[in-house]
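Everything on this sheet refers to the single structure shown next.
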Amino acid sequence: MAEEVILLDFWPSPFGMRAKIALREKGVHFDLREEELLSNKSPLLLQMNPVHKKIPVLIHNGKPVCESHIIVQYIDETWGPESPLLPSEPHERARARFWADYVDKKIFPAGRAAWRSTGEAQEAAKKEYIEGLKMLEGELGDTPYFGGERFGFLDVSLIPFYSWFYAVETLTGCSFEEECPKLVGWAKRCMQRESVARSLPDQHKVYDFSRRSGRRFRRK
Ligand SMILES: N[C@@H](CCC(=O)N[C@@H](CS)C(=O)NCC(=O)O)C(=O)O
Numbered sequence: 275m276a277e278e279v280i281l282l283d284f285w286p287s288p289f290g291m292r293a294k295i296a297l298r299e300k301g302v303h304f305d306l307r308e309e310e311l312l313s314n315k316s317p318l319l320l321q322m323n324p325v326h327k328k329i330p331v332l333i334h335n336g337k338p339v340c341e342s343h344i345i346v347q348y349i350d351e352t353w354g355p356e357s358p359l360l361p362s363e364p365h366e367r368a369r370a371r372f373w374a375d376y377v378d379k380k381i382f383p384a385g386r387a388a389w390r391s392t393g394e395a396q397e398a399a400k401k402e403y404i405e406g407l408k409m410l411e412g413e414l415g416d417t418p419y420f421g422g423e424r425f426g427f428l429d430v431s432l433i434p435f436y437s438w439f440y441a442v443e444t445l446t447g448c449s450f451e452e453e454c455p456k457l458v459g460w461a462k463r464c465m466q467r468e469s470v471a472r473s474l475p476d477q478h479k480v481y482d483f484s485r486r487s488g489r490r491f492r493r494k
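So this note's numbering is basically just the index in the sequence shown, starting at one, shifted up by 274.
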């Protein structure tokens, strides 16, 4: 029986990008369904993620999996064992999960605050975002990927935020190339992978989206 794999998504979402990258890394064919998240969530989304009502949701043969890191782990456990995303060694695996959690707790909120706010709040958010990225740059060290020689779980977790760099730089007035050149080098390396290049939207399109949708927050 053919497998049915559906991904409920919203194109600028870094969380949705994680799921798309992982599916493409594993060569899984999937039906990508774009949600009208801001105005009209679909009955399927509400049915499949009744708790959070958020994308991404992976629906595999009718069964939902929610929360992007859980989705990426599910994909890793379900398909392509010959190209794992999570390391097999338990401590390395714990480390990858720790830093992926750091991305959600530190990078995402600081980045969002940076493009949604103005004035002092924006300055503080920008500082926090850059600090967080520098911390991750230290973790990367001199290896090509966070997974060492291999592209892995933490790379999948963080790389979607690269599509937001231009928006954050333009709206806050900073340069990530100057602040964390090694991390930008890593991002460019990741962009050479087909899975990543196909899953990240154009940075200018993200900037337009952030300007339009951030306006209502910046007015407050
Ligand atoms: N922790 C979740 C976050 C997902 C999330 O925040 N999704 C946003 C889009 S970026 C969403 O669906 N928002 C709809 C809403 O808040 O109603 C994950 O990792 O999947």
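Note that CB positions come from ideal geometry on N, CA and C, so glycine has one too.
Using the beta-carbon count (16 or more within 10 Å), is residue i buried or exposed?
i           : result
residue 347 : buried
residue 325 : exposed
residue 320 : exposed
residue 429 : buried
residue 491 : exposed
residue 455 : exposed
residue 288 : buried
residue 364 : exposed
residue 276 : exposed
residue 264 : What is shown of the chain runs 275 to 494, which leaves residue 264 out entirely.
residue 394 : exposed
residue 328 : buried
residue 362 : exposed
residue 342 : buried
residue 548 : An answer regarding residue 548 cannot be provided, because it is not within the stretch 275 to 494 covered by the chain.
residue 278 : exposed
residue 368 : exposed
residue 309 : buried
Look at the Cβ atom of residue i, then the Cβ atom of residue j, and state whether they are nearer than 8 angstroms.
i           : j           : result
residue 360 : residue 427 : yes
residue 374 : residue 403 : no
residue 322 : residue 473 : no
residue 280 : residue 344 : no
residue 508 : residue 377 : This structure cannot speak to residue 508, because the chain is shown only from 275 to 494.
residue 304 : residue 381 : no
residue 396 : residue 446 : yes
residue 389 : residue 459 : no
residue 450 : residue 407 : yes
residue 468 : residue 298 : yes
residue 448 : residue 400 : yes
Taking C-alpha atoms, which residue in the options lies nearest to residue i?
i           : options               : result
residue 284 : 306, 400, 462 and 444 : 306
residue 350 : 411, 286, 300 and 460 : 300
residue 379 : 410, 452 and 354      : 410
residue 355 : 413, 396 and 302      : 302
residue 544 : 336, 415, 286 and 419 : No statement about residue 544 is possible, as the shown extent of the chain runs from 275 to 494 and does not include it.
residue 311 : 330, 450, 295 and 293 : 330
residue 295 : 338, 470 and 482      : 470
residue 370 : 398, 413 and 443      : 413
residue 442 : 417, 415, 485 and 475 : 485
residue 476 : 315, 313 and 440      : 440
residue 392 : 444, 405, 357 and 438 : 444
residue 480 : 386, 339, 316 and 366 : 386
residue 265 : 340, 314 and 315      : Shown here, the chain extends from 275 to 494; a query on residue 265 therefore has no answer.
residue 478 : 437, 336 and 461      : 437
residue 461 : 337, 357 and 417      : 417
residue 315 : 335, 482 and 282      : 282
Complete runs of the beta strand (DSSP E) confined to the segment 300-386 [at least 3 residues]:
The beta strand (DSSP E) runs of length 3 or more contained entirely in the segment 300-386 are, from start to end of the chain, 305-308, 331-334 and 337-340.
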